[in-house]
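A.B. asks: In the working numbering, the protein residues as written are 2 to 419.
#1: Can the beta-carbon of residue 125 be found less than 7 Å from the beta-carbon of residue 138?
#2: Just the Cα atoms here: how many angstroms apart are residue 388 and residue 374?
#3: Cutting at 7 Å between CB atoms, please list the residues of its own chain near residue 38, excluding the five before and the five after it.
#4: Quick check on DSSP: helix, strand or coil for residue 96?
#5: Which value, in whole angstroms, describes the spacing of the CA atoms of residue 326 and residue 216?
#6: Residue 302 by DSSP, collapsed to three states: which one?
#7: Alpha carbons only, please: which of 12, 144, 364 is nearest the one belonging to residue 386?
#8: Closest by CA to residue 272, which one among 292, 310, 322?
#9: Residue 93: which of 141, 204, 14, 69 sits nearest, CA to CA?
#10: Do residue 291 and residue 245 count as a contact pair if the criterion is CB distance below 7 Å?
#11: Take every Cβ of the region 215-229, pair it with every Cβ of the region 64-78, and state whether three or more of those distances are shorter than 8 Å.
#12: If you check the beta carbons only, do residue 95 and residue 33 fall under 7 Å apart?
#13: Tell me whether residue 364 counts as near the ligand NAD, meaning its Cβ is closer than 6 Å to at least one heavy atom of that ligand.
#14: So, at 7 Å on beta carbons, what are the nonlocal neighbours of residue 278 in its own chain, with the 5 sequence-adjacent residues on each side left out?
#15: Taking the alpha carbon of residue 225 as the reference point, which residue from 205, 248, 268, 203 has its own alpha carbon closest?
#16: Does DSSP put residue 365 in a helix, in a strand, or in coil?
#17: What is the residue span of the alpha helix (DSSP H) that residue 22 lies within?
#18: Indicate the three-state DSSP secondary structure (helix, strand or coil) for residue 88 in the structure shown.
#19: Once the 5 residues before and after residue 396 are set aside, which same chain residues still bring their CB inside 7 Å of it?
#20: Between which two residues does the beta strand (DSSP E) carrying residue 248 extend?
#21: With a 10 Å radius around its C-beta and 16 neighbouring C-beta atoms as the bar for buried, classify residue 368 as buried or exposed.
#22: Within the continuous beta strand (DSSP E) that includes residue 310, where are the two ends?
#23: Buried or exposed for residue 318, please, with buried defined as at least 16 other CB atoms from any protein chain shown within 10 angstroms of its CB.
#24: Measure the C-alpha to C-alpha separation of residue 337 and residue 88 and round it to an integer number of angstroms.
#25: Following the continuous beta strand (DSSP E) through residue 229, name the residue where it begins and the one where it ends.
#26: Tell me residue 385's beta-bridge partners as DSSP assigns them.
#27: Rounded to whole angstroms, what is the Cα-Cα separation between residue 301 and residue 401?
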């Protein structure tokens, strides 16, 4: 890390290991973080509001200094196998923190040994806590898309094996030509099926936003097949191939959408249905994408004005919100995205990947700043600061203040104007 990347006055975003944990939390798998101690409590305390309401199998390996020096990976394998035999998880995911990464732990070999001994699908996700939660969640969702989604009835498709993680699993229910069970009724098939990809509390908190997105789509005649991964079971996700189109609501869900398109020719639409105007746009795009078999960005015509308004945050969320605010009579804001993303998801006036120092200098030319409260220390005193807490940035500090903008985008836009 260079000096310009150091953080002195603001927070840092949740790490990739926690992004993967958040994506897999509700799916019945066993998540093992290879780490000396502490990662599970940090994740549970600050980044996982569901921890208090439901069970999930999260473990820390308890890596000791001697194990690290001597390379005693057999202990890790033994402990995972023992726990798996007692708990019978649906799958096993092995992650790592910086120390195992720096000493070169071979997670791929560990995963293969565990899978051989348990006959349970085991995947090694190459986290290292040196990237943001977006990358970790993206890896986890992509793994689900590649290995957990069944083929639709009547189609035999070749296996798909991406190279971003290690997983040798080729079970009969994944990608070898098997069939999806429990087909929807004829009446249900008349409506378009949609998967919502990229939903975690790190971006959408635990305030009902996930349920509101499902409700918005159902009210407009869509059938929600699965939500990745809040409110859906592994069985729901396994039947994702029954969808006609995917809705990507965060950058973390985009790689999974691309894999599902590669495997099943399902197109995708990118955007978050903030408020009625944006919801109508998303619904229209979903229908067009399904009919034309083309990918679309719902905020593709987003404009930027000279009002001096900026939103700091995740790219898809922030760009969708900027579009919704402008369409509801508010300023046409720029987006500053400090996280992983792609330039195609933003407009030329936006900025990606700024350091704290660069961001502080840029903000001096803005009049209205919409961001997590922990960005306030680097904002100019002359600017109007509009707090929009982001769970992945400030954790539980402002959790009760995070709005459900799927339902309340119009009110939020009015506050920006006021």
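Glycine residues also receive a C-beta, built at the ideal position from the N, C-alpha and C atoms. Only a predicted model underlies this, so the values are computations on that prediction, with no experimental measurement involved.
C.D. replies: To lay it out plainly:
#1: As a position in the chain shown, residue 125 is number 124, starting the count at 1. As a position in the chain shown, residue 138 is number 137, starting the count at 1. No, the Cβ-Cβ distance between residue 125 and residue 138 is not below 7 Å.
#2: As a working mapping, residue 388 is identified with position 387 in the chain shown. As a working mapping, residue 374 is identified with position 373 in the chain shown. Whole-angstrom Cα-Cα distance: 5 Å.
#3: Translated into positions along the chain shown, residue 38 becomes position 37. The residues are 61, 63.
#4: Taking the first residue of the chain shown as position 1, residue 96 is located at position 95. Three-state DSSP puts residue 96 in a strand.
#5: Taking the first residue of the chain shown as position 1, residue 326 is located at position 325. Taking the first residue of the chain shown as position 1, residue 216 is located at position 215. Taking the straight line from one Cα to the other gives about 21 Å.
#6: Numbered from 1 along the chain shown, position 301 holds the residue referred to as residue 302. Reduced to three states, the DSSP call for residue 302 is coil.
#7: As a working note, residue 386 is residue 385 in the chain shown. That would be 364, whose Cα lies nearest to the Cα of residue 386.
#8: As a first step, residue 272 is located in the chain shown; it is residue number 271 there, counting from the start. Nearest of 292, 310, 322 to residue 272, Cα basis: 322.
#9: For the purposes of this step, residue 93 is identified with residue 92 of the chain shown, where counting begins at 1. Comparing C-alpha distances from residue 93 to each of 141, 204, 14, 69 shows the shortest one belongs to 141.
#10: Locating residue 245 in the chain shown gives position 244, where the first residue counts as 1. Locating residue 291 in the chain shown gives position 290, where the first residue counts as 1. Yes, the pair counts as a contact, with Cβ atoms nearer than the cut-off.
#11: As far as the Cβ criterion goes, the region 215-229 does not touch the region 64-78, which means the pair count is below three.
#12: For the purposes of this step, residue 95 is identified with residue 94 of the chain shown, where counting begins at 1. For the purposes of this step, residue 33 is identified with residue 32 of the chain shown, where counting begins at 1. Taking 7 Å as the Cβ cut-off, residue 95 and residue 33 qualify as a contacting pair.
#13: No copy of the ligand NAD appears in this structure; indeed no ligand is present at all.
#14: Residue 278 sits at position 277 when you count from the first residue of the chain shown. Scanning its chain for C-beta atoms nearer than 7 Å, with the 5 sequence neighbours on each side dropped, one finds around residue 278 the residues 325, 328, 329, in chain order.
#15: Looking up residue 225 in the chain shown gives position 224. With distances taken between Cα atoms, residue 225 lies closest to 248.
#16: For the purposes of this step, residue 365 is taken as residue 364 along the chain shown, with counting starting at 1. Residue 365 falls in the coil class under three-state DSSP.
#17: Here residue 22 is taken as the residue at index 21 of the chain shown, counted from 1. Residues 17-25.
#18: Stepping through the chain shown from its first residue, residue 88 is reached at position 87. Three-state result, residue 88: helix.
#19: Start at 1 with the first residue of the chain shown, and residue 396 comes out as number 395. Only 47, 48 meet the Cβ criterion.
#20: Translated into the one-based positions of the chain shown, residue 248 becomes position 247. That run of the beta strand (DSSP E) goes 246-249.
#21: Locating residue 368 in the chain shown gives position 367, where the first residue counts as 1. The residue in question, residue 368, is exposed, as its Cβ has fewer than 16 Cβ neighbours within 10 Å.
#22: Within the chain shown, the letter at position 309 stands for residue 310. Its beta strand (DSSP E) spans residues 310-313.
#23: For the purposes of this step, residue 318 is taken as the residue at position 317 of the chain shown. Counting Cβ neighbours within 10 Å, residue 318 comes out buried, since at least 16 surround it.
#24: Taking the first residue of the chain shown as 1, we reach residue 337 at position 336. Taking the first residue of the chain shown as 1, we reach residue 88 at position 87. Rounded to whole angstroms, residue 337 to residue 88 spans 44 Å at the Cα level.
#25: What you label residue 229 is simply residue 228 of the chain shown in a count that begins at 1. It spans 224-229 - the beta strand (DSSP E) in which residue 229 sits, taken as one unbroken run.
#26: Translated into the one-based positions of the chain shown, residue 385 becomes position 384. When beta bridges are read from the DSSP output, residue 385 appears opposite 369.
#27: Residue numbering aside, residue 301 sits at position 300 when the chain shown is read from its first letter. Residue numbering aside, residue 401 sits at position 400 when the chain shown is read from its first letter. The straight-line gap from Cα to Cα measures roughly 32 Å.
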